[in-house]
Structures are given as structure tokens and as C-alpha cells.
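J.: Start counting at 1 in the first sequence, then tack on 670, and there's your number in the numbering used here. Cβ atoms here follow ideal geometry from the backbone N, Cα and C, with glycine treated the same way. Can you read through this structure? Questions will come right after.
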Amino acid sequence: MNPYKDFKAVVKAGLESMTKAGNLAEGLDLARVAVEPPRDPAHGDLATNAALVLAKAAGIKPRDLGEALAEELRGHDEIEAAEVAGPGFINLRLRDSYWHNCLGAILRAGPAYGDSDIGQDVEVNVEYVSANPTGPLTVGHARGAVVGDAVAAILAKAGYSVTREFYINDAGSQVDTLAGSAYLRYREALGEEIGEIPSGFYPGEYLKAVGQALAARDGSKWLDRAEEDWMPEVRRFAIDALMDLVREDLAGLGIVQDVFTSERALVEAGGVDAVLETLVARGLIYTGTLEPPKGKTPEDWEPRPQTLFRATNFGDDVDRPIRKSDGTWTYFAGDMAYHLDKFRRGARIMINVWGADHSGYVKRMKAAVEALTERQARLEVMICQLVKLTRHGEPVKMSKRAGTFVTLREVIDEVGKDVVRFIMLTRKNDASLDFDLTKVMEQSRDNPVFYVQYAHARARSVLRHAAEGFPAISQAPDSLADGPLHRLTDSGELALIRLLAQWPRLVESAAETYEPHRIAFYLYDIAAAFHGLWTKGKDEARLRFLVEDDPELTAARLALIQGTAQIVASGLGVFGVQPVEEMR
RNA sequence: GCGCCCGUAGCUCAGUUGGAUAGAGCACGAGCCUUCUAAGCUUGGGGUCGCAGGUUCGAAUCCUGCCGGGCGCGCCA
């Protein structure tokens, strides 16, 4: 039951009947007609812009058209009042019984409430994290991880067919550096004194275990060999070990992806050659020389002919090189092969979650997807801005060089995965995010994690008390839904139901815009409304949820509380956050 | 120099895809609150939505140009 959708249909039906009666031109475009919650609740329950949007085409003044439509709508059973306001909005007030039915429907639908079919099973591939497997994940990685995971969950709830994917960047020079660093630790594990880790190698302690594991498995067999001999095997070993580490870190966040694609495997299987063939056949590859970037010519710039992809045909600023001078593929070439691979596996919408340092890469990748899929698939890139980690408002130093960078693991150990996940979703992905380790543990209204969780815990607590004090009232959602919901008459109670009924709308809008943060704000609003009701009960005993001498009223209120807990749990669910039963 | 992103109350941010008088929390002022789980509630002040044009019934939202900040800019990934 989705009031906005239901009444959009009602409004359209009203318009049609006006047309039939000859009071409205035929063939009007209703696409822009919207039914929304009004900005100011005093205006009513729902508002439609129909008269404003159609006035011009219909050749009727907005307010006149509005009045006519309002009159039409007044005939509807569930509509208590329909009034024209402002420039031509129609404000609708629905009968309380409609909202009572809504609450019943919410309870009967249970966790499925809010599910949508706007996705129409379109296959979406959400690629996130995709870090170089060269070290443990950091807080920065975590943001992309959580954002990607939440968007995937929202899209799934909105009816898309979702694949969660990780692209392993295991083909470049960075994994060679990793192998070299692991080799040093391997020699160390076999008793060699290696001293300071030379610059150009990864100094992290976490590689000691990798060196030891390799020594334990292979003994001294690689010790006196040339680099070209040990490199492939040590590299493979190190990448596997580091990917295990990365997967562990992700599991710590509650993230398990469906597909892991190896760049190296893709290249070795000839994926890039296939792409090149396709593109050559379409005349999109040529050899040319690029101009240096204006205003900032690199020191060592020298013009040289390169193999280029005609990205400018698809909206990019310059054509992009796909081959390095040593003959190997650029990262971009591999990425093209990878995206073609995703397309061949069925993806029609690809969503890539990237860090801000990759923003310069967006246009060429979109161009590539357009070219490779002949516009049958679309790429969306979500850029995640920086996470500013602080403690008591003071920046936490994160310098890789000084070895003081904070790993995701440490932060999870300190505040818990649910706090990390929720906080990462409280901002638009393209805005930077403040993460204060002390603030997020505060129990106050300006800590949204606490405030939302507390609403759920408080609701569960009341239900537990009710189970003791009112054992006759069944708390099964269906029983509560069948209860005397007409007893819910307080304005705060009805306002809360209206808010709960917005959940399907929130899911759809978050899915369409790829904006999980909307759900965080929505949950905060629910929490505020619910805490508000609870507090009212402190002042007026009559408004307390549990009313000893009125089990009927109590049953109705338990339905509302159950519904609230259910929607909060649903919202936290798509965030991958476990709702808590009690605060301790 | 070019491209992308951002600019809303003292601070941190929302703003329902172009709607009505631009909202919330914190902070500040005033007054309440001792419990179904306490970590709060009510209320007041506070705005040139970076600036200037444009589009239209209507702009924080769309377009153009400036100003300020972040990121990126041929064989790094």
C-alpha cells in the first residue's frame, strides 16, 4: 500500500472522468503529474501539482482547473477534503480510516513492505571496493564498500537483479612491488637480516605473515633464484594472501560480494585482444600523437605516437592511450575488457563506486562502455569523497609513510561495524564526510546512529513490557493489523503512520538516484516522530503506549509500535545494520 | 589552462528530481522534565541559498558567466 501511488491513480482517474465529461482536453501528457507529501503538514496529507502542470496545455487557468479537479476528487471515499491552495496545488486530506488501513497493510506485508518492481529485473552490476590487493583496507575504502553494498541492497529491494562485484587490480606494477616486498619478508622469515625496508617497497608489518607463510610452504627454494624465476609464483602467493586479508576486512563489515574478477586473468585469457579487435573493426582505434595538457606540461613531455581509443566520439575530452611503450596494455585497456565482460555476463546498468582520485577517469570509462555495448548498457560512476577521521574533533593522522594510517579493522574494533556502516551512509557520496570516533559513540540526539537504534530498541522494549502486562494481546503482526486501529486518533500517531507509509516512496527514490543517504535521514525522521510520541506520554498519561484499563487502545498502539520497529528494521536492513533490541 | 565535484543559519548538514512562508541537529537565550529504558521536551532569535544575469506561472534546484574550495589532467592503478 503506497498512498502516493494510489492517489496518483485516483488523480489520473479524476482527470480522465473530466475528459469524458468534456471538461478537459483529450490527450494531455500526464507524465509530470505528481502526488507528494506537502512540505507543510498543515496543508494536508497529500498534494498534487496536476492543475499547475496541465493548465497551459489544457488552456485553463491553474486555479480554475484545480477547483474543477478538486470537486471531482471530493467524490472519492477516502478523501475527506480537497482544496486548492497557492498557485494551484490541490491539497488532499484523507480520512483517518485510510491511514489505519495503511498501518494494517504495513504490518501484513512485514519486511516485504517497500519492495518495488521499478527495477523490472534489469540486471545491474555494482562494482565496489576494487582495491589493489597490496594492504589492509582503510577507512577510505570502507566508505566505497558500504556505499556500494547499500546501493546494491536498495536496488535489489527496488526490483533490480543485482550482482555485487569486486575487480582485483592484480596486473600492474603495484602487485610486482607487493611481490618484491613479500620476497623481502620471505628472506627475513628464513633468518636473513634485511634491515630497513628500502623505499619503493611496502613496509607494512602485515607482510611478515605472508613471508612466513611462503617460507613455511616452499622452504628455501626461492632463495638464490633470479627475480624472474620467483616473481610469478611469489606474486601469485602474495596476491592470494592479500585478497584473503581484504575479504576478511570486508567480512568484518558484513560484506560478501558475489563475483571477484581478476584483471590479470582477464588479460591472460585474451580479453583485451578481443576488445581491441572489436574496436578496430568499428574504426575506433588509431595511432596518433596527443597534445600536452594546456597550462601544465609535464617536465618530461615529449610527443610520441600511441595506440589510441577514439573516446572523443563518445563525449570524452581527448582520445585515450590503450598501450604502454613497452607493449603491455594500459590499465584503461584492461578496464575496457572488464566492462565488456560485465556486459556479456548480462549487465545492462553498471555502477562503479570509486574514490575521488579516480574522478578524472569517469568520462573515458563511460565513453568506453557506450562504445563497447553500442549503448545497450549504461555506466554510472559514484565518486566517494574523502572521509575525515577525527577523535574529539581532532584529526586522526593517517600517513602511510609514517606507518600511522588507521586500518578499517581498527576502527571496527573500536566502534563496531554497524556504526561504521551507518555513518558512511549519512552523507551524499560526492560530499566529504566527517567521522568522529567519539561523537559516533555518544548517546544523544545529534548522533544519528544512536538516535535511530534507540527508537528501535525503545519500541522493542515497549513490546516486551506489553507481553508481560497484556498477555492477552497477540503481538503477531497479522493479529495487530486486525486490531482496533481506529483507536489511533492522536495527531502524533497519525503523523507517524503517514511517515511509515512513505517507506516505499523512499526506496524508489533512493534507488533511482543512487542515494542511500536519503534513507538515513528518513530513519532519523521516524525516530524523531516516535521519540516525540513517547515523550508526549510522559506529560499526558492518556498518551502512554500501555494503558492499563484500556487493552483495546493498547493493542492499537502496539500495532503502531510494531510497524515503527518494522520499518526502522527494514531501513537498517538495506544499510546492512543490525537493529538492536535494547540499549545497554 | 582544461575537466569533474562542491558552495544553504555561527558550526555540521537536509531540502521530496522545478513548487507554497528555505528546514533539522549542535551552539546561544528562556522555560520545563525524575520515566512503559535515563541519555530529553517546549519555545525564541538567527538566511542576500557564493555573486550576477537568464529560462517560466514558479528557481536553493535548470542554463550562462564570474568568485571561492576539493580532486584529476599522455605509457600509475
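Determine, using beta-carbon pairs with one atom in the stretch 731-746 and one in the stretch 1126-1143, whether at least three such pairs fall under 8 Å.
T.: no
J.: If we call anything under 8 Å between Cβ atoms a contact, is residue 1247 one with residue 1079?
T.: What you label residue 1247 is simply residue 577 of the first sequence in a count that begins at 1. What you label residue 1079 is simply residue 409 of the first sequence in a count that begins at 1. No, the Cβ-Cβ distance between residue 1247 and residue 1079 is not below 8 Å.
J.: What are the boundary residues of the alpha helix (DSSP H) that includes residue 769?
T.: Here residue 769 is taken as the residue at index 99 of the first sequence, counted from 1. For residue 769, the uninterrupted alpha helix (DSSP H) run begins and ends at 766-779, by DSSP.
J.: Just confirm the distance between the C-beta atoms of residue 870 and residue 847, as a whole number of angstroms; I'd bet it's less than 8 Å.
T.: Here residue 870 corresponds to residue number 200 of the first sequence, with the count starting at 1. Here residue 847 corresponds to residue number 177 of the first sequence, with the count starting at 1. Contact flag correct, Cβ pair sits at about 7 Å.
J.: Near residue 1233, what residues of its chain come up, given a Cβ to Cβ distance below 6 Å and the 5 sequence neighbours on each side ignored?
T.: Position 563 of the first sequence, counted from the start, is the residue given in the question as residue 1233. If we look at residue 1233 and ignore the five residues flanking it on each side, its Cβ neighbours are 773, 776, 777, 1170.
J.: Work out the CA separation of residue 671 and residue 779 for me, nearest whole Å.
T.: Taking the first sequence and counting its residues from 1, the one referred to as residue 779 is at position 109. Taking the first sequence and counting its residues from 1, the one referred to as residue 671 is at position 1. Distance between the alpha carbons of residue 779 and residue 671 is about 9 Å.
J.: So, with DSSP's three-state summary, where would you put residue 700?
T.: Position 30 of the first sequence holds residue 700. Looking at residue 700 - three-state DSSP - the assignment turns out to be coil, as it is neither helix nor strand.
J.: Give every residue of the same chain whose Cβ lies closer than 6 Å to the Cβ of residue 695, excluding the five residues on either side of it in the sequence, and list them in chain order.
T.: Taking the first sequence and counting its residues from 1, the one referred to as residue 695 is at position 25. Counting only Cβ-Cβ distances below 6 Å, and skipping sequence neighbours, we find 728.
J.: Could you check how far apart the C-beta atoms of residue 1059 and residue 1066 are, in whole angstroms? I think they sit under 8 Å.
T.: Walking along the first sequence from the start, residue 1059 turns up at place 389. Walking along the first sequence from the start, residue 1066 turns up at place 396. Contact flag correct, Cβ pair sits at about 4 Å.
J.: Buried or exposed, going by whether 16 or more other CB atoms sit within 10 Å of the CB of residue 1245?
T.: Here residue 1245 refers to the residue found at position 575 when the first sequence is read from its first residue. When all chains shown are included, residue 1245 counts as buried.
J.: If you compare alpha carbons, which of 1128, 1185, 1223, 1151 is closest to residue 1205?
T.: Here the question's residue 1205 lines up with position 535 in the first sequence. Among 1128, 1185, 1223, 1151, the Cα nearest to that of residue 1205 is on 1128.
J.: Look up residue 950 in the DSSP assignment and say whether it is helix, strand or coil.
T.: Residue mapping note: residue 950 aligns to position 280 of the first sequence, counting from 1. Residue 950 falls in the helix class under three-state DSSP.
J.: To the nearest angstrom, how far is it from the Cα of residue 890 to the Cα of residue 850?
T.: Counting from one through the first sequence, the residue named residue 890 turns up at place 220. Counting from one through the first sequence, the residue named residue 850 turns up at place 180. When rounded, the distance between both Cα atoms is 16 Å.
J.: Could you check the C-alpha separation between residue 853 and residue 907 for me, to the nearest Å?
T.: Position 183 of the first sequence, counted from the first residue, corresponds to residue 853. Position 237 of the first sequence, counted from the first residue, corresponds to residue 907. Those two C-alpha atoms are separated by around 10 Å.
J.: In this structure, what does DSSP give as the bridge partners for residue 959?
T.: Locating residue 959 in the first sequence gives position 289, counting from the first residue. BP columns for residue 959 point to 975.
J.: Please report the Cβ distance between residue 1178 and residue 828, rounded to the nearest whole angstrom; I am assuming they are in contact, meaning their Cβ atoms lie under 8 Å.
T.: Taking the first residue of the first sequence as 1, we reach residue 1178 at position 508. Taking the first residue of the first sequence as 1, we reach residue 828 at position 158. Correct: roughly 6 Å between the Cβ atoms.
J.: Leaving out five residues before and five after residue 1087 in sequence, what residues of the same chain have Cβ atoms less than 7 Å from its Cβ?
T.: As a working note, residue 1087 is residue 417 in the first sequence. Hits under 7 Å: 922, 923, 924.
J.: What is the DSSP secondary structure of residue 1047, reduced to helix, strand or coil?
T.: One-based indexing of the first sequence puts residue 1047 at position 377. Residue 1047: coil per DSSP, three-state reduction.
J.: Going by CA-CA distance only, name the one from 960, 1020, 904, 915 that's closest to residue 987.
T.: Along the first sequence, read from residue 1 onward, the residue named residue 987 stands at position 317. Among 960, 1020, 904, 915, the Cα nearest to that of residue 987 belongs to 960.
J.: Compute the Euclidean distance between the alpha carbons of residue 698 and residue 1144, then round it to the nearest angstrom.
T.: One-based indexing of the first sequence puts residue 698 at position 28. One-based indexing of the first sequence puts residue 1144 at position 474. Inter-residue distance for residue 698 and residue 1144 is about 50 Å (C-alpha atoms, whole angstroms).
J.: For residue 1019, which of helix, strand or coil comes out of DSSP?
T.: For this step, residue 1019 is matched to residue 349 along the first sequence. Note: residue 1019 maps to strand in three-state DSSP.
J.: So, are the CB atoms of residue 798 and residue 819 less than 8 Å apart?
T.: Taking the first sequence and counting its residues from 1, the one referred to as residue 798 is at position 128. Taking the first sequence and counting its residues from 1, the one referred to as residue 819 is at position 149. It is a contact, given that the beta carbons lie within the stated cut-off.
J.: Is it buried or exposed for residue 687, if we count other Cβ within 10 angstroms and need 16 for buried?
T.: Taking the first sequence and counting its residues from 1, one reaches residue 687 at position 17. Sixteen is the threshold: since fewer than 16 other Cβ atoms of the shown chains lie within 10 Å of the Cβ of residue 687, the residue is exposed.
J.: For the alpha helix (DSSP H) containing residue 752, list its first residue and its last residue.
T.: Position 82 of the first sequence, counted from the start, is the residue given in the question as residue 752. Not the alpha helix (DSSP H): residue 752 falls in the beta strand (DSSP E), residues 749-755.
J.: Spatial neighbours of residue 1211 within its chain, please: CB distance less than 6 Å, with the 5 preceding and 5 following residues excluded, ordered by chain position.
T.: Here residue 1211 is taken as the residue at index 541 of the first sequence, counted from 1. Correct list: empty, nothing qualifies.
J.: Between residue 1009 and residue 1020, is the Cβ-Cβ spacing less than 8 Å?
T.: Here residue 1009 is taken as the residue at index 339 of the first sequence, counted from 1. Here residue 1020 is taken as the residue at index 350 of the first sequence, counted from 1. At the C-beta level, residue 1009 and residue 1020 come within 8 Å of one another.
J.: If we require 4 or more residues per run, which alpha helix (DSSP H) segments fall completely within the stretch 840-892?
T.: 843-859, 876-888
J.: Inspect the beta-carbon positions of residue 1180 and residue 1168 and report whether they are closer than 8 Å.
T.: Your numbering for residue 1180 matches position 510 in the first sequence. Your numbering for residue 1168 matches position 498 in the first sequence. Against a cut-off of 8 Å, the Cβ pair of residue 1168 and residue 1180 comes out as no contact.
J.: Report the rounded CA-to-CA distance for residue 995 versus residue 1041, giving the unit in angstroms.
T.: Taking the first sequence and counting its residues from 1, one reaches residue 995 at position 325. Taking the first sequence and counting its residues from 1, one reaches residue 1041 at position 371. Cα-Cα distance, rounded: 24 Å.
J.: Kindly identify the DSSP beta-bridge partner or partners of residue 717.
T.: In the first sequence, counting from the first residue as 1, residue 717 sits at position 47. DSSP output for residue 717 lists 706, 761 as bridge partner(s).
J.: So does the stretch 717-735 actually touch the stretch 752-763, counting three or more Cβ pairs closer than 8 Å?
T.: Flag = yes, the stretch 717-735 and the stretch 752-763 touch.
J.: Compute the Euclidean distance between the alpha carbons of residue 883 and residue 858, then round it to the nearest angstrom.
T.: By 1-based counting over the first sequence, the position of residue 883 is 213. By 1-based counting over the first sequence, the position of residue 858 is 188. Their backbone Cα atoms lie some 12 Å apart in a straight line.
J.: How far does the beta strand (DSSP E) with residue 834 in it reach, from first residue to last?
T.: As a position in the first sequence, residue 834 is number 164, starting the count at 1. That run of the beta strand (DSSP E) goes 831-838.
J.: Can you tell which of 707, 1155, 807, 900 has its C-alpha closest to the C-alpha of residue 1230?
T.: Here residue 1230 refers to the residue found at position 560 of the first sequence. Residue 1155 is the option with its Cα nearest to residue 1230.
J.: Ordered along the chain, which non-local residues of its own chain (more than five positions away) have a Cβ less than 7 Å from that of residue 913?
T.: Mapped onto the first sequence, residue 913 falls at position 243. Cβ neighbours of residue 913 beyond the five flanking positions: 803, 838.
J.: In the DSSP assignment, what are the bridge partners of residue 999?
T.: Counting from 1 along the first sequence, the entry for residue 999 is found at position 329. Beta-bridge pairing links residue 999 to 993.
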